[in-house]
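Notes follow once the structure below has been shown.
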Amino acid sequence: MAAKVLYFVLLAPFLPFSVVTQLTNGSVPLGASLTATYNITPWLSPSGDFAFGFQQRQEKDSFVLSIWYDKIPEKTIIWYPETNPMVSRGSQVRLTEGRGLVLSDPQGRELWSTSSGAISDLAYGFMNDTGNFVIHGNNSRKIWESFNFPADTILPNQVMARGGVIYSKRSETNFSRGRFQLRLLEDGNLVLNTRDIPSNFAYKAYYSSDTNDSSNSQNSGERLIFDAGGYMYISRRNGQRFDLTPREALPSGDYYHRATIGVDGVFSQYYRRKLSTGNASWEVLWFEPENICNYGGLEGSGACGFNNICALLNTRPKCECPRGFSLLDPSDPNGDCKPDFYPRCDENASSYGYDRFDFIELTDVDWPSADYVHMRPTSEQNCRTSCVEDCFCAAAVYGGNECWKKKLPLSNGRRDNSINKKVFLKFLKDDRPLQDPPIFSGRKKDRKTLIVVGASLLGTSMFVNVVLIVVICLGFFLIYKKAVRNVHPSSKLVETNLRHFTTREATNGFKDELGRGAFGIVYKGAIGTSIVAVKKLDKVVRDGEKEFKTEVHAIARTHHRNLVQLLGYCDDGDQRLLIYEHVSNGTLADFLFGDTRPDWKWRSRIAVGIAKGSRTFTKSVARRSSIATLSPEHTSRRLLRSQDCGFGVERVPDRGTKGYVAPEWFRNKSVTVKVDVFSFGVVLLEIVSCRKSVVFESGKEDVSILTDWAWDCYRDGRVDAFVENNLEVLDDYKKLTTFVMAGLWCVQENPLLRPSMRNVVQMLDGVVEVPEPPCPFPLSVS
Numbered sequence: 002m003a004a005k006v007l008y009f010v011l012l013a014p015f016l017p018f019s020v021v022t023q024l025t026n027g028s029v030p031l032g033a034s035l036t037a038t039y040n041i042t043p044w045l046s047p048s049g050d051f052a053f054g055f056q057q058r059q060e061k062d063s064f065v066l067s068i069w070y071d072k073i074p075e076k077t078i079i080w081y082p083e084t085n086p087m088v089s090r091g092s093q094v095r096l097t098e099g100r101g102l103v104l105s106d107p108q109g110r111e112l113w114s115t116s117s118g119a120i121s122d123l124a125y126g127f128m129n130d131t132g133n134f135v136i137h138g139n140n141s142r143k144i145w146e147s148f149n150f151p152a153d154t155i156l157p158n159q160v161m162a163r164g165g166v167i168y169s170k171r172s173e174t175n176f177s178r179g180r181f182q183l184r185l186l187e188d189g190n191l192v193l194n195t196r197d198i199p200s201n202f203a204y205k206a207y208y209s210s211d212t213n214d215s216s217n218s219q220n221s222g223e224r225l226i227f228d229a230g231g232y233m234y235i236s237r238r239n240g241q242r243f244d245l246t247p248r249e250a251l252p253s254g255d256y257y258h259r260a261t262i263g264v265d266g267v268f269s270q271y272y273r274r275k276l277s278t279g280n281a282s283w284e285v286l287w288f289e290p291e292n293i294c295n296y297g298g299l300e301g302s303g304a305c306g307f308n309n310i311c312a313l314l315n316t317r318p319k320c321e322c323p324r325g326f327s328l329l330d331p332s333d334p335n336g337d338c339k340p341d342f343y344p345r346c347d348e349n350a351s352s353y354g355y356d357r358f359d360f361i362e363l364t365d366v367d368w369p370s371a372d373y374v375h376m377r378p379t380s381e382q383n384c385r386t387s388c389v390e391d392c393f394c395a396a397a398v399y400g401g402n403e404c405w406k407k408k409l410p411l412s413n414g415r416r417d418n419s420i421n422k423k424v425f426l427k428f429l430k431d432d433r434p435l436q437d438p439p440i441f442s443g444r445k446k447d448r449k450t451l452i453v454v455g456a457s458l459l460g461t462s463m464f465v466n467v468v469l470i471v472v473i474c475l476g477f478f479l480i481y482k483k484a485v486r487n488v489h490p491s492s493k494l495v496e497t498n499l500r501h502f503t504t505r506e507a508t509n510g511f512k513d514e515l516g517r518g519a520f521g522i523v524y525k526g527a528i529g530t531s532i533v534a535v536k537k538l539d540k541v542v543r544d545g546e547k548e549f550k551t552e553v554h555a556i557a558r559t560h561h562r563n564l565v566q567l568l569g570y571c572d573d574g575d576q577r578l579l580i581y582e583h584v585s586n587g588t589l590a591d592f593l594f595g596d597t598r599p600d601w602k603w604r605s606r607i608a609v610g611i612a613k614g615s616r617t618f619t620k621s622v623a624r625r626s627s628i629a630t631l632s633p634e635h636t637s638r639r640l641l642r643s644q645d646c647g648f649g650v651e652r653v654p655d656r657g658t659k660g661y662v663a664p665e666w667f668r669n670k671s672v673t674v675k676v677d678v679f680s681f682g683v684v685l686l687e688i689v690s691c692r693k694s695v696v697f698e699s700g701k702e703d704v705s706i707l708t709d710w711a712w713d714c715y716r717d718g719r720v721d722a723f724v725e726n727n728l729e730v731l732d733d734y735k736k737l738t739t740f741v742m743a744g745l746w747c748v749q750e751n752p753l754l755r756p757s758m759r760n761v762v763q764m765l766d767g768v769v770e771v772p773e774p775p776c777p778f779p780l781s782v783s
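Residue numbering for the sequence shown follows the numbering used here, beginning at 2 and increasing consecutively.
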């Protein structure tokens, strides 16, 4: 061994700095490195049983630094760093002199290392046949080993001392620390418990080995041992052992063994035959606890997340959100469920009743913790009535002439046939959740049924045309209806503090046209030395004066840093003019659809700016001081429900209008502020992809619809194709996915499924997780 160490010490100075090869005996020399790319050869143990390196995950360009079983098809991972194990393509791990293993991202920033300080005598690394990666110093001294920093798995020959802990993963695809822990406490007791992730506070144990003995400390546990033969036990201080693996339970033959705390919180010992053929898989030898769903602690969420329901399925827990709730993190089915509707309290307590609220009814379900009211004896009807009239009551549980009223979040949910109870989940009728998610087919849409109207308008690259479509059929409709009812038609005064201008003063004689829409033209004007944008409203809608007053009132009350300022108005005779601050940096379309694709950071910043501006007012898009600014200068008049909105858009039978206009405008359905959300979703997808919402392909009958393409890419797991494999965007893959998912939620055909613009801003800012969107257009593909 001394000769081997001397060999590496002498050889190291002559090795290239970017060594990527390895020795066949499991040794890894100083300077050796691995890069996260496809089909990269890992560092193998001498037998080839274990590998150290980057394993590609399901998400494109996503890798995890890990140790795994290399000879089995599953490539089961048994170790990964406690921080930053998930990295992007191009990341690198290197065995460096003085530091040990160092993991860095594609830009060279350090993500993780085995040592925070300098190591003076580091010699080489070694991938053992036990699954333990060891960094050796001179004289074969162990400087660092993966067995001392376990992830979610313990292997034969591995020992856990008192105070040791392993954590579950957050989910099957998220390798950060999850809610579950296996700990050998200082008193010698082996426990399983949930924890509060932000604070790491451990809740009450749901399994305990009871190997702590306060009356005789020599009987208490000392170490958790997983021996080479595959037996796991707790070694007591007095030399005795407490068996975890049942005696005579191990199968005879040559097997792999591992013990893992799963994402469901169950700690299991597995075995799998080596060199097996056929459909061999990991088999469970034993597990604890027998039924984690019965864990009934008063703290924490329980086996499943808050508002989630746990049911035992083939000895393993299965978590499922109740109807009316959806996963906060779609990749974590065992995590928290968020309500798709929000119980609310306000000052009008008398309004709480069946006229506003209703219930979703569940059977054989209970959330046994955190009751704030317990009524007994009582009837089922009294239980329901008491909850519906109580603004704090989110759910009521009834059984055996007893009623328990509960607040959100609900914890320790469970489903079992032995639970003879009913649960009433209260929701506001205005936020009525869908009964069940629809099932969608993946067949292609028939684009040949498109009826193209006004193709030349959409074909232009001027974004003024885009915003004309957006704003004509947007949120002004509701404002208009309300305002028109309250404005006397004979009044000619606009009751506002805005400055009144004359026609000549404002327009400079209508010489310079900036843009044109169906109901008005925008001109460049000047007031003194200031350049302004003047929107001239044509008299194409009946009661134009009321229409004009409504718009001035609405805009004058709207203020946001991402909205350009309304400077004044003009109502000389038949002239109806709105005077706005002029933005001179060009339109967003000029940047998005030009010859050069704008950089991703700028586009993402613009998208968030537009979203925040749209929360206040949805109007046309311009760029101002590198901030997304919504300008009303291209705004045309609102379209009444009785009018046609066919210009510049395409009608699709049973599918609504492709482009920017929400489909409810054409289906004789009520129009709400959610039409604004739909239009923003289309613009968001344009910003992400740098593609127009509708593209007419030369010489073909088909028309490329951006929303269709976005869904196809997302459904097929090819979000990279949506941005044409642009590496700059793919380096920010999480934000890219977030933006696409948010866009797909915005363009849902069912307006009830669309989020509010407030929620959209939260999604784009990363404040809330974006749930997995359903198919946006089920009516045409189901």
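All C-beta atoms, glycine included, are put in the ideal place defined by N, C-alpha and C. These numbers come from a predicted model, not from an experiment.
Going by C-alpha distance, which of the options is nearest residue i?
i	options	result
Leu328	Phe307, Asn413 and Leu313	Phe307
Lys423	Asp228, Cys384, Glu390 and Cys394	Cys384
Lys602	Leu515, Val366, Val730 and Asp721	Val730
Val135	Ile68, Ser236, Gly222 and Ala229	Ile68
Leu102	Tyr168, Gln57, Gly165 and Leu31	Leu31
Ser302	Ala162, Phe202, Tyr234 and Ser236	Phe202
Lys60	Tyr39, Trp44, Asp71 and Gly54	Here the sequence assigns Glu to residue 60, which means Lys is not the residue at that position. Of the listed residues, the one whose Cα sits closest to Glu60 is Tyr39.
Arg196	Val724, Val166, Cys394 and Asp713	Val166
Asn133	Gly99, Ser117, Gln159 and Gly109	Gln159
Arg317	Asp341, Thr364, Gly266 and Cys338	Gly266
Arg95	Ser105, Asn85 and Ser34	Ser34
Is residue i near the ligand ADP, judged by its Cβ being under 7 Å from some heavy atom?
i	result
Leu276	Only the bare structure without any ligand can be found here, which leaves the ligand ADP out of the picture.
So for residue i, helix, strand or coil by DSSP?
i	result
Gln59	coil
Phe176	coil
Glu687	helix
Leu24	In this prediction, Leu24 scores a pLDDT of 47, lower than 50, which makes its location untrustworthy; no coordinate-derived value is stated.
Leu728	helix
Asn194	strand
Phe202	strand
Gln219	helix
Val720	helix
Ile235	strand
Ile420	coil
Cys384	helix
Arg784	With the chain represented from 2 up to 783, any question about residue 784 goes unanswered, as that position is not in the structure.
Pro369	coil
Expressed to the nearest angstrom, what Euclidean distance is found between the alpha-carbon atoms of residue i and residue j?
i	j	result
Ser492	Gly526	Note that Ser492 has pLDDT 36, beneath the 50 cutoff, so the model's placement of it is unreliable and no number is given.
Ala743	Ser690	14 Å
Asp417	Gly91	48 Å
Val1	Leu286	Beyond the ends of the chain as shown, which are 2 and 783, falls residue 1; an answer cannot be given.
Asp766	Met128	42 Å
Ala1	Phe176	For the chain, the structure presents residues 2 to 783; residue 1 sits outside this window and is missing.
Asn280	Ser615	55 Å
Ser412	Gly263	20 Å
Met87	Ile522	53 Å
Tyr207	Arg178	18 Å
Val535	Tyr581	6 Å
Leu737	Ser605	9 Å
Thr174	Arg58	8 Å
Asn309	Val696	44 Å
Arg237	Thr261	22 Å
Leu686	Ala612	12 Å
Leu84	Leu112	The residue you asked about is not Leu; residue 84 is Thr in the sequence shown. Going from the Cα of Thr84 to the Cα of Leu112 covers about 8 Å.
Could you confirm whether any beta carbon from chain B is found closer than 8 Å to the beta carbon of residue i?
i	result
Pro82	No chain B is present in this structure, which holds just one protein chain.
At what residue ranges does the stretch 126-172 contain a whole run of the beta strand (DSSP E), taking only runs of 3 or more? 134-138, 143-146, 159-162 and 166-170
For the structure I just gave you, are there three or more beta carbon pairs, one from the stretch 358-377 and one from the stretch 398-407, closer than 8 Å? yes
Please confirm if the stretch 78-93 is in contact with the stretch 140-154, defined as three or more CB-CB distances below 8 Å between the two stretches. yes
With contact counted as at least three CB pairs below 8 Å, one residue from each stretch, are the stretch 237-256 and the stretch 47-60 in contact? no
Taking contact to mean at least 3 C-beta pairs separated by less than 8 Å, is the stretch 58-67 in contact with the stretch 141-151? no
Could you tell me whether the stretch 179-198 touches the stretch 208-226, using the rule of 3 or more Cβ pairs below 8 Å? yes
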